[in-house]
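For the protein sequence lines, the chains are A and B, in the order given. In terms of our numbering, the first sequence opens at residue 386 and continues consecutively. In terms of our numbering, the second sequence opens at residue 4 and continues consecutively. For glycine and all other residues, C-beta sits at the position ideal for the given N, C-alpha and C. The next block holds one structure in the form of structure tokens; read it before the comments.
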Amino acid sequence: MGDSGTFWLPEQASTIASQVDGLFYFVTWVSAILFVGVVAAMLYFAYRYRRTHPSERPTPVKESKLLEISWIVVPTILVLLVFNWGFKTFIEMNVAPPDAYEIRAEAKKWSWLFTYPNGTQSDTLYVPEGQPVKMTMSSQDVIHSFFIPAFRVKHDVLPNRYSSVWFEATKTGTFDLFCTEYCGTGHSDMITQTKVVSQSEFDEWVESGGGAKDLPLPELGKRLYSQQGCQACHSIDGSSMVGPTWQNLYGKTGHEMEDGATVTADENYLREAILEPGAQIVAGYQNVMPASYSNLSERQLTALIAYMKELSTNEAPSGD
Amino acid sequence: MSTDASAAAVHAPEEGAHGEDENYLNHETGLWSWLTTRDHKRIGIMYCLSLAVVFFAAGMLAMAIRAELIAPGQTVMDADTYNQVFTMHGIMMVFLFLVPSIPAILGNFVLPLQIGAKDVAFPRLNLASWYVYMAGAIMTIVALVTGGVDTGWTFYTPYSSSTGGGILWMTAAIFVAGFASIFTGINFIVTIHKMRAPGMTWNRLPLFIWGLYATSIVQVLATPVIGITMLLLILEQSLGIGIFDPALGGDPILFQHFFWFYSHPAVYIMILPAFGILSELIATFSRQRIFGYRAIALSSVAISLLGFMVWGHHMFVSGQSAVSSIIFSLITYLIGIPSGIKVFNWVATMYKGSIWLQTPMLYALSFLFLFTIGGFTGIMVGVLAVDVHLHDTYYVVAHFHYVMMGGSVMALLGGMHYWWPKMTGKMYNETLGKIAVALIFIGFNLTFFTQFILGAQGMPRRYYDYVEKYAPLHELSTYGSWVLGLGLFLVLGYAIHSLYWGKKAPANPWAAATLEWTNVAALPDPHNFLRTPLVTRGPYDFHLADEVFGGGDGVGDGRAATAGTLEAPKPAPSAPEPQESH
Numbered sequence: 386m387g388d389s390g391t392f393w394l395p396e397q398a399s400t401i402a403s404q405v406d407g408l409f410y411f412v413t414w415v416s417a418i419l420f421v422g423v424v425a426a427m428l429y430f431a432y433r434y435r436r437t438h439p440s441e442r443p444t445p446v447k448e449s450k451l452l453e454i455s456w457i458v459v460p461t462i463l464v465l466l467v468f469n470w471g472f473k474t475f476i477e478m479n480v481a482p483p484d485a486y487e488i489r490a491e492a493k494k495w496s497w498l499f500t501y502p503n504g505t506q507s508d509t510l511y512v513p514e515g516q517p518v519k520m521t522m523s524s525q526d527v528i529h530s531f532f533i534p535a536f537r538v539k540h541d542v543l544p545n546r547y548s549s550v551w552f553e554a555t556k557t558g559t560f561d562l563f564c565t566e567y568c569g570t571g572h573s574d575m576i577t578q579t580k581v582v583s584q585s586e587f588d589e590w591v592e593s594g595g596g597a598k599d600l601p602l603p604e605l606g607k608r609l610y611s612q613q614g615c616q617a618c619h620s621i622d623g624s625s626m627v628g629p630t631w632q633n634l635y636g637k638t639g640h641e642m643e644d645g646a647t648v649t650a651d652e653n654y655l656r657e658a659i660l661e662p663g664a665q666i667v668a669g670y671q672n673v674m675p676a677s678y679s680n681l682s683e684r685q686l687t688a689l690i691a692y693m694k695e696l697s698t699n700e701a702p703s704g705d
Numbered sequence: 004m005s006t007d008a009s010a011a012a013v014h015a016p017e018e019g020a021h022g023e024d025e026n027y028l029n030h031e032t033g034l035w036s037w038l039t040t041r042d043h044k045r046i047g048i049m050y051c052l053s054l055a056v057v058f059f060a061a062g063m064l065a066m067a068i069r070a071e072l073i074a075p076g077q078t079v080m081d082a083d084t085y086n087q088v089f090t091m092h093g094i095m096m097v098f099l100f101l102v103p104s105i106p107a108i109l110g111n112f113v114l115p116l117q118i119g120a121k122d123v124a125f126p127r128l129n130l131a132s133w134y135v136y137m138a139g140a141i142m143t144i145v146a147l148v149t150g151g152v153d154t155g156w157t158f159y160t161p162y163s164s165s166t167g168g169g170i171l172w173m174t175a176a177i178f179v180a181g182f183a184s185i186f187t188g189i190n191f192i193v194t195i196h197k198m199r200a201p202g203m204t205w206n207r208l209p210l211f212i213w214g215l216y217a218t219s220i221v222q223v224l225a226t227p228v229i230g231i232t233m234l235l236l237i238l239e240q241s242l243g244i245g246i247f248d249p250a251l252g253g254d255p256i257l258f259q260h261f262f263w264f265y266s267h268p269a270v271y272i273m274i275l276p277a278f279g280i281l282s283e284l285i286a287t288f289s290r291q292r293i294f295g296y297r298a299i300a301l302s303s304v305a306i307s308l309l310g311f312m313v314w315g316h317h318m319f320v321s322g323q324s325a326v327s328s329i330i331f332s333l334i335t336y337l338i339g340i341p342s343g344i345k346v347f348n349w350v351a352t353m354y355k356g357s358i359w360l361q362t363p364m365l366y367a368l369s370f371l372f373l374f375t376i377g378g379f380t381g382i383m384v385g386v387l388a389v390d391v392h393l394h395d396t397y398y399v400v401a402h403f404h405y406v407m408m409g410g411s412v413m414a415l416l417g418g419m420h421y422w423w424p425k426m427t428g429k430m431y432n433e434t435l436g437k438i439a440v441a442l443i444f445i446g447f448n449l450t451f452f453t454q455f456i457l458g459a460q461g462m463p464r465r466y467y468d469y470v471e472k473y474a475p476l477h478e479l480s481t482y483g484s485w486v487l488g489l490g491l492f493l494v495l496g497y498a499i500h501s502l503y504w505g506k507k508a509p510a511n512p513w514a515a516a517t518l519e520w521t522n523v524a525a526l527p528d529p530h531n532f533l534r535t536p537l538v539t540r541g542p543y544d545f546h547l548a549d550e551v552f553g554g555g556d557g558v559g560d561g562r563a564a565t566a567g568t569l570e571a572p573k574p575a576p577s578a579p580e581p582q583e584s585h
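What follows is the structure in structure tokens.
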């Protein structure tokens, strides 16, 4: 990994990082100056007024109101300054830009799963460079926490509600992503990578279902079957669930619809059934399939149908 | 030795009924006399022994943690063991050691002596507090045996709801041990209000008493909340009532609010009495009045009250609303100011003083160094935007170790050295004492300063294993822990040596001006004072404290004691007899 951070802080790879670091260094330097002042005074006094004879009885020092007030007022001003600065940056960190690209993160013991708008899933976080990204996060079990040091962002991931962070990556590369809320045995293994890639590379990656560009179509379809949640309603072993099984669906002739019509389950029928599930309802089933599959890419559609072909022993329907 | 004679000189003319060498240690003997004692000094010693065992055990766990982290991957234990080890380290150090430490050991021993009282207001309650504490400690051991606890000392739900059977014992232990805190707190508040010697006005209270007073307020008000929290956790686990666990319809964030509502004020339970000790040490070894006495006294009380309003700064990234975070951040800064005032005042106290660099003073100076770093890094993690990056990393680990160990433990060690002659009647080896301070100071910084860098670089806390780039600093930190451990073992060694072979201590070896030194025998009488003292000056008015310097040159420093010419210090004026405390 590209480790070009400073002595104190890791590499900066997000728009917010430089602001956080500026504040970090401001507090560090002001603290260092005051600290050196305090310690120097302490050591100087310890030397200058060291006891030279056991019976020394120094005259009491009169308290100085001015001095006391000054070391109440000056630190107060300093901390209010720092508070104000930290508060402004914090607000910025908390309000995602409206055009942010949304990625879902699901945490569980002890892994991460990221889901992209088109259904692509990955356990490595791919994000585009120069595009605000908003993570909407939830946990399946205990509390976890999403932390990318190079981006300076962190937020707990909770089991009973969504939480979110946003960031805009400023350079391509690979960065650590840690879980920072203790979650048991594998807590320290709950590490993955954030891969920042160019926008075009990212689009291609998402399009192909998460780096599945070179996957054979039926393989990709099989992956999409579980990633897209198809398996929740459609079995592949012939059993009837919420929706019709995919076993021997492809090429089925005389497929009966609710309105009594029959169709042949060819490529175009299946394509329509995915993109517009309400158009024709199979007899005996409810019209409950979400319309959200209309945003599947062409390749994903073809892959799903190729997978269905594999699950079927029917003859390919004649092209009439 | 001549100091035998000095003890006799104080006693003999006063009360013929007492034997020549009668003191609180030898007027009754046998285990039973200790187990049934109502003497605040003996209870202090009993607490001291119990806490020393806890500190040793929890310290060895710390060494085990550092040993595991010396290199990435598995080195000496597996992940589950590691998780239990750091959990036990945290629980024992916080709930069983730091929270009771200074009030229970030094507070118990010193408080009545410093205000001129015969004992605390409720001696039986005081003894009960030790028994309750021991019950809590034993339940902790049961928890360890019945399956271990691996939740971290914070017990965050729902993780803690999902883990093994030990957790019920552990939470019950903390619930029980909390009562020991409450008993001590009530006792101290009443004692300070009602049992001060004549002339001991609020403005003449030693600052250690002010620190204990502020601490007691927090103990009494905050401890019930952790009790309730632990009880709710027990109810949820045993009866399945949904309070914190989302699976049962509860809210895990609610637990965090409950937990930190106690545990943040608990930080002040740990540090406020340390502030008190520091004032005693700086004043005595600078032989100066504390600069800004009122500011230090009142800032302790201010901290104890403001301390209840900042708990949310532990939750900036946990899912509480941004508005809450902003308000908590603001109040957090306000609480930083009183601590800053104290540091400036302590340094200013040294100005034009007569500074004697004995071991207790070296601990005090180490405290100033370390606590100032702890304080500044506290400001850092209070900065909202920066905390988002630093939260739950080693930066926070380093920060609270600088405050808790660099602050509380250094002050406790300083205080133990300071009052050691009064507690045991023996002096310790000064040279070894100074070597130990140096080892502890260097070891501590090596162990924990490296962790600031690790944390800022992004190293998360509670990690059994870590990515390669953090390895060098982790290794250095582990070496530091060895130096630190060596220093602490050296203290243990010369403390034991001193008990058996130490030189007998004079009544006032440091030429201090508070009552426990000026009006109490080298080893205190079972009833502390032979006559009720009459207080005519402030606790650090060395220019008025002629009795401290009564024996001529050298007496004040106690050096003459070793030379064999010490006379008993002339007691400060006593109130006219008969004078009963009410």
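Buried or exposed by the 16-neighbour rule on C-beta atoms within 10 Å, applied to residue i
{"i": "His-420 (chain B)", "result": "buried"}
{"i": "Glu-519 (chain B)", "result": "buried"}
{"i": "Glu-71 (chain B)", "result": "buried"}
{"i": "Pro-517 (chain A)", "result": "buried"}
{"i": "Thr-427 (chain B)", "result": "buried"}
Assigned secondary structure, residue i (DSSP; H/G/I helix, E/B strand, else coil)
{"i": "Phe-545 (chain B)", "result": "coil"}
{"i": "Thr-698 (chain A)", "result": "coil"}
{"i": "His-43 (chain B)", "result": "helix"}
{"i": "Ala-691 (chain A)", "result": "helix"}
{"i": "Glu-491 (chain A)", "result": "strand"}
{"i": "Pro-536 (chain B)", "result": "strand"}
{"i": "His-640 (chain A)", "result": "strand"}
{"i": "Met-353 (chain B)", "result": "helix"}
{"i": "Ser-677 (chain A)", "result": "helix"}
{"i": "Trp-497 (chain A)", "result": "strand"}
{"i": "Val-179 (chain B)", "result": "helix"}
{"i": "Arg-656 (chain A)", "result": "helix"}
{"i": "His-540 (chain A)", "result": "strand"}
{"i": "Pro-517 (chain A)", "result": "strand"}
Cβ distance (whole Å) where residue i is taken to contact residue j below 8 Å
{"i": "Val-470 (chain B)", "j": "Ile-576 (chain A)", "result": "7 Å"}
{"i": "Trp-3 (chain B)", "j": "Leu-109 (chain B)", "result": "Because chain B is modelled from 4 through 585, residue 3 (chain B) falls outside the range shown and cannot be assessed."}
{"i": "His-640 (chain A)", "j": "Thr-630 (chain A)", "result": "About 12 Å separates the two Cβ atoms, so there is no contact after all."}
{"i": "Arg-290 (chain B)", "j": "Arg-442 (chain A)", "result": "7 Å"}
{"i": "Ile-280 (chain B)", "j": "Lys-345 (chain B)", "result": "Incorrect: roughly 12 Å between the Cβ atoms, too far for contact."}
{"i": "Pro-445 (chain A)", "j": "His-546 (chain B)", "result": "6 Å"}
{"i": "Gln-222 (chain B)", "j": "Ile-272 (chain B)", "result": "6 Å"}
Exercise for review: Return the chain-ordered ranges of every alpha helix (DSSP H) run that is complete within the region 289 to 336 of chain B and spans a minimum of 4 residues.
Suggested key: Qualifying alpha helix (DSSP H) stretches, in chain order: 296 to 309.
Check your understanding: Which whole runs of the alpha helix (DSSP H) in the region 182 to 249 of chain B are 4 residues long or more, in chain order?
Key -> 210 to 242
Review point. Closer than 9 Å, Cβ to any Cβ of chain A: which residues of the region 351 to 371 of chain B, in chain order?
Key: Ala-351, Thr-352, Met-353, Tyr-354, Lys-355, Gly-356, Ser-357, Ile-358, Trp-359, Leu-360, Met-364, Leu-368, Leu-371
Point to revise | Segments assigned alpha helix (DSSP H), at least 4 residues, entirely inside the region 110 to 171 of chain B | key: Counting only runs of 4 or more, we get 111 to 118, 126 to 148.
Review point. Using a beta-carbon distance cut-off of less than 9 Å, what residues from the region 466 to 478 of chain A approach chain B?
Key: Val-467, Phe-468, Trp-470, Gly-471, Phe-472, Lys-473, Thr-474, Phe-475, Ile-476, Glu-477, Met-478
**Study point:** Start-end ranges of the alpha helix (DSSP H) lying completely within the region 383 to 454 of chain B, minimum 4 residues
**Key:** 387 to 393, 397 to 406, 413 to 427
Check your understanding: What residues in the region 23 to 49 of chain B have a beta carbon less than 7 Å from any beta carbon of chain A?
Key -> none
Practice item. Quick one: which residues of the region 452 to 486 of chain B get their C-beta closer than 7 Å to a C-beta of chain A? List them in chain order. Key: Ile-456, Ala-459, Gln-460, Gly-461, Pro-463, Arg-465, Tyr-466, Tyr-467, Asp-468, Tyr-469, Val-470, Lys-472
Practice item. Would you list, in chain order, the members of the region 562 to 592 of chain A that have their beta-carbon closer than 8 Å to a beta-carbon of chain B? Key: Phe-563, Cys-564, Thr-565, Glu-566, Tyr-567, Cys-568, Gly-569, Thr-570, Gly-571, His-572, Ser-573, Asp-574, Ile-576
Exercise for review: Let me know the alpha helix (DSSP H) ranges lying completely inside the region 462 to 545 of chain B, each 4 residues or longer, listed in chain order.
Suggested key: 474 to 504, 518 to 521
Review point. At a Cβ cut of 7 Å, what residues of the region 246 to 274 of chain B count as close to chain A, listed as they run along the chain?
Key: Result list: Pro-249, Asp-254, Pro-255.
Review point. Considering only residues of the region 569 to 636 of chain A, which uninterrupted alpha helix (DSSP H) runs meet the minimum length of 4 residues and lie entirely inside it, listed in chain order?
Key: Those alpha helix (DSSP H) runs which fall completely within the region 569 to 636 of chain A and span 4+ residues are 584 to 592, 602 to 612.
Point to revise | Where the region 309 to 334 of chain B meets chain A: residues whose CB sits under 9 Å from a CB there | key: Met-318, Phe-319, Val-320, Ser-321, Gly-322, Ala-325, Ser-328, Ile-329, Ser-332, Leu-333
Check your understanding: Going along the chain, which residues of the region 422 to 436 of chain A sit with their C-beta nearer than 7 Å to a C-beta in chain B?
Key -> Val-423, Val-424, Ala-426, Met-427, Phe-430, Ala-431, Tyr-434, Arg-435, Arg-436
**Study point:** Short-range partners of chain A found in the region 290 to 303 of chain B, where Cβ spacing is below 7 Å
**Key:** Arg-290, Gln-291, Arg-292, Phe-294, Gly-295, Ala-298
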